[in-house]
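Asks: Supplied in structure tokens, the structure appears directly below.
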Amino acid sequence: MTANTRSYIYPLSIIATLFFSFGFLMWLTGILIPYFQICLDLSNVQASLVAFASYIAYFAMALPSAWVLKRSGYKNGMVIGLVVMAIGTVLFIPAAYTRTYPLFLTGLFITGGGVTLLQTAVNPYVAIIGPIESTAQRIGFMGLANKFAGILSTAILGSIFLFDADAIVANVNKVSPTEKAALLSSYSLKIVNPYIIITLILLVLAVIIYFSKMPEISETGDGNGEEVTSVTHKASVFHYPYLLIGIVALFFSAACEGLPIDGIVIYGRSLGVPYEEARHFTQYTLYAMIAGYAASTILIPRFLSQQKALLWSAILGIVLTMGAYYSSGVISMYCLVCTGFGAAMLWGTIWGLAIRDLGKFTKVGSAMLLMSVVGGGVFPLLFGKLIDLNSIRPQNAVLVLVPCYLVLVFFSSKGYKLENWKPAVVEVESYAEEQGV
5 MTANTRSYIY PLSIIATLFF SFGFLMWLTG ILIPYFQICL DLSNVQASLV AFASYIAYFA
65 MALPSAWVLK RSGYKNGMVI GLVVMAIGTV LFIPAAYTRT YPLFLTGLFI TGGGVTLLQT
125 AVNPYVAIIG PIESTAQRIG FMGLANKFAG ILSTAILGSI FLFDADAIVA NVNKVSPTEK
185 AALLSSYSLK IVNPYIIITL ILLVLAVIIY FSKMPEISET GDGNGEEVTS VTHKASVFHY
245 PYLLIGIVAL FFSAACEGLP IDGIVIYGRS LGVPYEEARH FTQYTLYAMI AGYAASTILI
305 PRFLSQQKAL LWSAILGIVL TMGAYYSSGV ISMYCLVCTG FGAAMLWGTI WGLAIRDLGK
365 FTKVGSAMLL MSVVGGGVFP LLFGKLIDLN SIRPQNAVLV LVPCYLVLVF FSSKGYKLEN
425 WKPAVVEVES YAEEQGV
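Counting from 5, one number per residue, gives the positions in the sequence shown under my numbering.
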């Protein structure tokens, strides 16, 4: 291990803790959707607003987060993000007592806003603090922490929130309206104690990060702490085609990664799988993602480039999606689960290809990339609507993933190469400069 590598192990260990913290909350969405669907008596589309409220925060808060980071720095931005997350989680307590869905959604949005600020800080931090060619590998390690947290949260809190869910669903339609309201009110209070604990942990983490010795990093560095100068001298972030195409790619990759987690329980229910069995498939998808992250840390960049990893992950996703479409029952669900393996490599590879060589535009570029994660909230809504419209054959809904993967095939084969909007003009200008014209 080189001295340069050792220099960023400490900050990366702290970043891994942060990835764990927001992974614990964000991947819980797959459990919260059926939980709210039961205790608030919601349709599939209404319940899918849980994912939308979380992900729309990325779009709404990404640029404000970049503004905050410019004034506070990476470390203080992480602290602020944790405090904002705590404000969001504490709102779940009055929302549970009053069974007020808009208040739940507000809490999810604020929590998502805190996560957005946190990610706007930690993602470029991970990308810049080491060699750019191994960005996907470092993000892969972070992803392991993130998805492991998701497995813990869905296993622990899933067993609490969805305990006896099938029995409750069976009973609510057999009792009087007054008894039904009392039964669902009691059920909604299951969320209170866990979210009190989560809020306290977030505040403790904020204090720990505040007093930690994390180095600030140069956003114009090459990943090894050395100052570099952009050879393009571009005046705007919009002069980087590969970044803008990467933003579009990340929008669709968010659907490929988030939909199998957030939508798989309601998808299973539409296929006739009981809640008690379906709830475990969120964990299974996260296990598949952990396997994908482990593979990415081993293969990238030593055996497989970021571009090739993205291309083959997208192709694998198309094959498995069609497998889910043509099968039924738990087999269809397992096909969707297996898409998690390739989906795990999407975020790091797209990020590494899209954020390279941005120089002074790194923070803004990071924020713009995070805005595109709203795709993870848009597609579960569409997925839920398609399930409601195709109750006889809900497998039709999984086809929304196919165009998403096709966009990723384009970015990994062509889009990432576009350095300039008018390459021919740039080449002529460069030749003229060389000739002294």
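Think of the CB as a built atom: it goes at the ideal place given N, C-alpha and C, for glycine as much as any other residue.
(1) Which same chain residues, not among the five before or five after threonine 236, have their C-beta less than 6 Å away from its C-beta?
(2) Only counting the same chain, and skipping five residues up and downstream in sequence, which positions put a Cβ closer than 6 Å to that of glycine 262?
(3) Enumerated in chain order, which unbroken segments of the beta strand (DSSP E) with a length of 3 residues or greater are wholly contained in the segment 261-303?
(4) Taking the C-alpha atoms as reference points, what is the distance between tryptophan 355 and serine 163?
(5) So, under 8 Å CB-CB, leucine 107 and serine 58 are touching, yes? Tell me the CB distance rounded to an integer number of Å.
(6) Under DSSP, the alpha helix (DSSP H) around threonine 33 begins and ends at which residues?
(7) Quick check on arginine 3: does DSSP put it in helix, strand or coil?
(8) Return the chain-ordered list of same chain residues with a C-beta closer than 6 Å to the C-beta of phenylalanine 466, the five sequence neighbours on each side being excluded.
(9) For tryptophan 31, count the other beta carbons within 10 Å of its own beta carbon; 16 or more makes it buried, fewer makes it exposed. Which is it?
(10) Quick check on alanine 210: does DSSP put it in helix, strand or coil?
(11) DSSP state of proline 305, grouped into three classes?
(12) I need the boundaries of the alpha helix (DSSP H) containing methionine 372, first residue and last residue.
(13) Would you mind giving the Cβ-Cβ distance between valine 37 and isoleucine 319, rounded to the nearest angstrom? I have them listed as a contact below 8 Å.
(14) Serine 47: buried (16+ other C-beta within 10 angstroms of its C-beta) or exposed?
(15) Give a yes or no on whether the C-beta atoms belonging to glycine 296 and methionine 349 are separated by under 7 Å.
(16) Which word fits alanine 174, buried or exposed, when buried means at least 16 other C-beta atoms lie within 10 angstroms of its C-beta?
(17) Looking only at its own chain, which residues have a Cβ that is under 8 Å from the Cβ of serine 257, when we skip the five neighbours before and after it?
(18) May I ask which residues mark the beginning and end of the alpha helix (DSSP H) holding glycine 118?
(19) By DSSP, does tyrosine 330 sit in helix, in strand, or in coil?
(20) Starting from the C-beta of leucine 219, find all residues in its chain whose C-beta is less than 7 Å away, skip the five residues before and the five after it, and write them out in chain order.
(21) Assuming proline 264 contacts valine 341 under a Cβ cut-off of 8 Å, what Cβ separation, rounded to an integer in Å, is found between them?
(22) Do aspartate 266 and threonine 33 have their C-beta atoms closer together than 7 Å?
(23) Between which two residues does the alpha helix (DSSP H) carrying proline 15 extend?
(24) In its own chain, which residues sit with a C-beta less than 6 Å from the C-beta of leucine 206, not counting the 5 before and 5 after it?
(25) Would you mind sorting glycine 144 into buried or exposed? The rule is 16 or more other CB atoms within 10 Å of its CB.
(26) Report buried or exposed for leucine 204, applying the criterion of at least 16 other Cβ atoms within 10 angstroms of its Cβ.
(27) Can you name, in chain order, every residue of its own chain whose Cβ lies under 8 Å from the Cβ of tyrosine 191, other than the five neighbours on each side?
(28) With respect to the alpha helix (DSSP H) encompassing aspartate 170, which residues constitute its N-terminal and C-terminal limits?
(29) Report all residues from its chain with a CB closer than 7 Å to the CB of cysteine 289; omit the five preceding and five following residues, and keep chain order.
(30) Tell me which residue opens and which closes the alpha helix (DSSP H) that glycine 352 is part of.
(31) Kindly indicate the opening and closing residues of the alpha helix (DSSP H) around glutamine 50.
(32) By a C-beta neighbour count over all protein chains shown, 10 Å radius and 16 as the cutoff for buried, is glycine 147 buried or exposed?
(33) Taking the alpha carbon of glycine 149 as the point to measure from, which residue in Lys312, Pro128, Phe24 and Asn127 has its own alpha carbon closest?
(34) Applying the 10 Å Cβ sphere with the 16-neighbour rule, what's the burial state of alanine 428?
(35) Please return the same chain residues whose Cβ sits closer than 6 Å to the Cβ of alanine 55, not counting the five positions on each side in sequence.
Replies: Quick answer:
(1) Stepping through the sequence shown from its first residue, residue 236 is reached at position 232. Because threonine 236 carries a pLDDT of 48, less than 50, the predicted location of this residue cannot be relied on, and no value is offered for it.
(2) Within the sequence shown, the letter at position 258 stands for residue 262. So the list reads Gly380, once near-sequence residues are dropped.
(3) none
(4) Along the sequence shown, one-based indexing puts residue 355 at 351. Along the sequence shown, one-based indexing puts residue 163 at 159. Going from the Cα of tryptophan 355 to the Cα of serine 163 covers about 34 Å.
(5) Here residue 107 is taken as the residue at index 103 of the sequence shown, counted from 1. Here residue 58 is taken as the residue at index 54 of the sequence shown, counted from 1. Not confirmed; about 15 Å, so no contact.
(6) Against the sequence shown, residue 33 aligns to sequence position 29. Residues 33-43.
(7) The displayed coordinates of the chain run from 5 to 441. Any statement about residue 3 would go beyond what the structure contains.
(8) No statement about residue 466 is possible, as the shown extent of the chain runs from 5 to 441 and does not include it.
(9) Your numbering for residue 31 matches position 27 in the sequence shown. Classification for tryptophan 31: buried.
(10) The residue you call residue 210 lines up with position 206 of the sequence shown. Residue state, collapsed to three classes: helix.
(11) Stepping through the sequence shown from its first residue, residue 305 is reached at position 301. DSSP places proline 305 in the coil class of the three-state scheme, outside both helix and strand.
(12) To locate residue 372, count along the sequence shown from 1; it is residue 368. From DSSP, the alpha helix (DSSP H) with methionine 372 extends over 366-375.
(13) Stepping through the sequence shown from its first residue, residue 37 is reached at position 33. Stepping through the sequence shown from its first residue, residue 319 is reached at position 315. The question names valine, but residue 37 is isoleucine in the sequence shown. The Cβ separation is near 29 Å, so there is no contact.
(14) Stepping through the sequence shown from its first residue, residue 47 is reached at position 43. Burial call: exposed.
(15) Taking the sequence shown and counting its residues from 1, the one referred to as residue 296 is at position 292. Taking the sequence shown and counting its residues from 1, the one referred to as residue 349 is at position 345. Cβ atoms of glycine 296 and methionine 349: closer than 7 Å.
(16) Against the sequence shown, residue 174 aligns to sequence position 170. Looking at its Cβ environment, which holds fewer than 16 other Cβ atoms inside 10 Å, alanine 174 is exposed.
(17) Here residue 257 corresponds to residue number 253 of the sequence shown, with the count starting at 1. Same-chain partners within the cutoff: Ala347, Leu350, Trp351, Ile354, Gly379, Cys408 and Leu412.
(18) Start at 1 with the first residue of the sequence shown, and residue 118 comes out as number 114. Run containing glycine 118: 105-133, per the alpha helix (DSSP H) assignment.
(19) As a working note, residue 330 is residue 326 in the sequence shown. DSSP places tyrosine 330 in helix when its eight states are reduced to three.
(20) On the sequence shown, residue 219 is found 215 positions in, with the first residue counted as 1. Correcting the residue identity first, residue 219 is proline in this sequence and not leucine. So the list reads Pro15, once near-sequence residues are dropped.
(21) Counted from its first residue, the sequence shown places residue 264 at position 260. Counted from its first residue, the sequence shown places residue 341 at position 337. Proline 264 to valine 341, Cβ: 7 Å. Contact.
(22) On the sequence shown, position 262 is the one that residue 266 refers to. On the sequence shown, position 29 is the one that residue 33 refers to. Taking 7 Å as the Cβ cut-off, aspartate 266 and threonine 33 qualify as a contacting pair.
(23) Residue 15 sits at position 11 when you count from the first residue of the sequence shown. Residues 13-30.
(24) The count along the sequence shown starts at 1 and reaches residue 206 at position 202. Leu86, Met89 and Ala90, listed in sequence order.
(25) Position 140 of the sequence shown, counted from the start, is the residue given in the question as residue 144. The residue is buried, with at least 16 neighbouring Cβ atoms inside 10 Å.
(26) Here residue 204 refers to the residue found at position 200 when the sequence shown is read from its first residue. With fewer than 16 other Cβ atoms within 10 Å, it is exposed.
(27) Within the sequence shown, residue 191 is the residue found at index 187, counting from 1. The beta carbon of tyrosine 191 sits closer than 8 Å to the beta carbons of Ile42, Cys43 and Ile172 from its chain, once the five residues preceding and following it are set aside; these are given in chain order.
(28) Here residue 170 refers to the residue found at position 166 of the sequence shown. Here the alpha helix (DSSP H) through aspartate 170 covers 169-176.
(29) In the sequence shown, counting from the first residue as 1, residue 289 sits at position 285. What sits at residue 289 in the sequence shown is threonine, not cysteine. Contacts found: Pro264, Ile265, Ile268, Val341 and Gly344.
(30) Start at 1 with the first residue of the sequence shown, and residue 352 comes out as number 348. That run of the alpha helix (DSSP H) goes 350-358.
(31) The count along the sequence shown starts at 1 and reaches residue 50 at position 46. Run containing glutamine 50: 48-51, per the alpha helix (DSSP H) assignment.
(32) Within the sequence shown, the letter at position 143 stands for residue 147. Counting Cβ neighbours within 10 Å, glycine 147 comes out buried, since at least 16 surround it.
(33) The residue labelled residue 149 in the question sits at position 145 within the sequence shown. Note that residue 149 is alanine in the sequence shown here, rather than glycine. Ranking the options by Cα distance to alanine 149, first place goes to Phe24.
(34) Against the sequence shown, residue 428 aligns to sequence position 424. Annotation note: pLDDT 42 at alanine 428 (below 50); position unreliable, no value reported.
(35) Here residue 55 refers to the residue found at position 51 of the sequence shown. Around alanine 55: Thr33, Asp266, Gly381 and Pro384.
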